[in-house]
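K.L.:
Numbered per the UniProt record's numbering, the sequence shown spans residues 1 to 398.
Got a structure for you, questions after.
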Amino acid sequence: MFFKLFLRYRIITIGTLFVVSGAVVALYIMKKPPELIIAAPISIHTELGKTLEFAMRLALTEYGEQHNDFKITFVPIDVTSFEDAGNYDDLERFDSFVRVVTDPRTVAVLGPVTTAATMRMLPILSTAGILQINYAATYPGFVVPDFGGPTEYRSFFPTEDRTYFSLIPHMQQIADVMSERLAAEKYTDIYIVSDGSAYGTTGADSVKASVSQHGGTIVGNEVLSLSTIDTLIASIKEAHPSCVAAISYPSEVFRNFIDALVATGASDCLSGTHLENTYQALYGADLPRIRALSFNPSPTISVKTNEHTRKISEHYEREYGETLNLTAAAYRAYDAMRFALAAIDVSDGTRKDVLHAAKNMKTFKTIAGNVRFDTYGAAYPVVVEVVDIRDGKIFRRD
């Protein structure tokens, strides 16, 4: 009798243990936050790539890796070799990117900033229904004529199916602001200088079209290179422009061109994007003895004392022991991560709902100020600022 009771209660005890253990495991699984992935294609082994990755990680750390019942994992995708090879048409074989995109946990992709690579990635992201956040002015869906002008991108990404958002105005919007300001100040004969990159080429095309629409005249349009600076300066002198519009990435060649422009007196007016940030950050000097109208897609000068940008710079210096040069790139990447997290925070964690949450965010507060989105996800040009530099001094901002 005793033996039977022992067996019965032992079975009950063991069964109870199994039930309790199962319940505990189930509760743990239920309580364990589902993992979501935010990915970012970056050329990691460059100063720009290091800056972008740092800023994105900082934003995620501040937000908290576990928030709203989600565990957020940041996955930078190194596209350095992909970009160097120029193998944009073979994206399906770009295993790292495809592997992340096909992972059902991936709900947002930040960037990339490489124009040609972006154009090949966008169809995949759009088809997968993944939120894509752009934080660069050279955005192919808006500005690259060969890959997608206004008609093409609108047909390729219809309103109801769009998956992308741009946190800064695209190049055509910046060019319009530039042309309006130059026309208002009677700078009507414009000489365009670009660096031959996708940024320079699309920027030059945008400025050319916009200047003409505002009643101006293009008196020259040349591509900048180290071997052609002297020839270019001579051409500018001959054309007698009222202002030179320079669309270029920061580079030694660009700096040499500005120095030559100033030294020769070929023009006393220079317009472009981020001129003061480019010159001061890279070369430690103000733009000398020339009037420069700098058109910034998101304010740089005004945010240098901003608590967020100051914090980003301080964290960067502590981590790497060096000064953060690419301030604008850092805070844009920081904002891109914040935008993705904000969308996730009010979603159920699925791709579809994260994208839906982003579409419902009509405005978003970036470091530089509020951004509003148009029908196609592009930022309104409300954050374009004009910085006026004369005699090396910034004296007016409007």
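All residues carry an ideal CB built from backbone N, CA and C; glycine is no exception.
1. Anyone know if the C-beta pair for Val107 and Arg351 falls short of 7 Å?
2. Is the CB-CB distance between Ile42 and Pro76 below 7 Å?
3. Hey, would you say Ala333 sits closer than 7 Å to Ala136, going by beta carbons?
4. Starting from the C-beta of Ala183, find all residues in its chain whose C-beta is less than 7 Å away, skip the five residues before and the five after it, and write them out in chain order.
5. What are the start and end residues of the alpha helix (DSSP H) that includes Ala328?
6. On a CA-only basis, which of Pro104, Phe70, Glu47 and Met121 is nearest Ala40? Give me that one, please.
7. So is Asp353 in contact with chain B if we call contact Cβ pairs under 7 Å?
8. Helix, strand or coil: how does DSSP classify Val79 here?
9. Here's the rule I'm using: 16 or more other beta-carbon atoms within 10 Å means buried, otherwise exposed. How should Val387 be labelled?
10. Note down, in chain order, each residue of its chain lying with its Cβ closer than 6 Å to the Cβ of Ala59, except the 5 sequence neighbours on either side.
11. Just mark Glu314 as buried or exposed, buried being the case when its beta carbon has 16 or more other beta carbons within 10 Å.
12. So, are the CB atoms of Asp176 and Pro241 less than 7 Å apart?
13. Below 8 Å on the Cβ atoms is my guess for Leu270 versus Val244; work out the distance and round it to an integer in Å.
14. For Ile236, which residues from the same chain have a beta carbon less than 7 Å from its beta carbon, with the 5 sequence-adjacent residues on both sides left out?
15. Taking only the alpha-carbon atoms, compute the straight-line gap between Ala358 and Val371 and give it to the nearest angstrom.
16. From Ser294 to Ser166, what does the alpha carbon distance come to, in whole angstroms?
17. If we call anything under 7 Å between Cβ atoms a contact, is Ser194 one with Ile247?
18. Does the beta-carbon distance from Tyr63 to Leu341 come in below 7 Å?
19. Alpha carbons only, please: which of Pro34, Val79 and Thr46 is nearest the one belonging to Ile72?
20. Would you decide whether Tyr320 is buried or exposed? Buried here means 16 or more other CB atoms lie within 10 Å of its CB.
21. Specify, as a first and last residue, the run of the beta strand (DSSP E) that Lys352 falls within.
22. Please name the residue, chosen from Thr366, Thr323, Pro250 and Asn360, that lies closest to Tyr331 on a Cα-to-Cα basis.
23. Suppose the cutoff is 8 Å on Cβ atoms and the five residues either side in sequence are ignored; what does the same chain contact list for Val24 look like?
24. Answer yes or no: do Thr163 and Ser126 have a C-beta to C-beta separation smaller than 7 Å?
25. Below 7 Å between beta carbons: does that hold for Ser179 and Ser206?
26. On the DSSP letters alone, give me the boundaries of the beta strand (DSSP E) that Ser166 sits inside.
27. Terminal residues of the continuous alpha helix (DSSP H) containing Thr363?
28. Measure the alpha-carbon distance for Gly129 versus Ile168 and round it to whole angstroms.
29. Between Asn296 and Thr273, what straight-line distance do the alpha-carbon atoms span, to the nearest angstrom?
30. What does DSSP give as the partner residue(s) for Thr61 in the beta ladder?
31. Go ahead and label Lys362 buried or exposed: buried means 16 or more other beta carbons lie within 10 angstroms of its beta carbon, across all protein chains shown.
32. Looking only at C-alpha atoms, which of Thr201, Ile38, Ala260 and Ser251 sits nearest to Ile133?
33. The beta strand (DSSP E) that contains Phe295, what's its start and end?
34. Please classify Pro112: does DSSP put it in a helix, a strand, or coil?
35. Compute the Euclidean distance between the alpha carbons of Val79 and Thr46, then round it to the nearest angstrom.
P.N.:
Per the coordinate set shown:
1. yes
2. yes
3. no
4. His214, Gly215 and Gly216
5. Thr327 to Asp345
6. Met121
7. The structure shown has no chain B; it contains just one protein chain.
8. coil
9. buried
10. Tyr334, Met337 and Arg338
11. exposed
12. no
13. 5 Å
14. Tyr191, Gly220, Val244, Ala266 and Ser267
15. 13 Å
16. 21 Å
17. yes
18. yes
19. Pro34
20. exposed
21. Run containing Lys352: none in the beta strand (DSSP E); it sits in the alpha helix (DSSP H), Arg351 to Lys359.
22. Thr366
23. At Val24, the pLDDT of 46 sits below 50, so the modelled position is not reliable; the number obtained from the coordinates is stated separately. Here the set comprises nothing.
24. yes
25. no
26. Tyr164 to Ser166
27. From DSSP, Thr363 is part of no alpha helix (DSSP H) but of the beta strand (DSSP E) over Thr363 to Lys365.
28. 22 Å
29. 5 Å
30. According to DSSP, which records beta bridges pairwise, Thr61 is partnered with nothing at all.
31. exposed
32. Ile38
33. Arg291 to Asn296
34. coil
35. 11 Å
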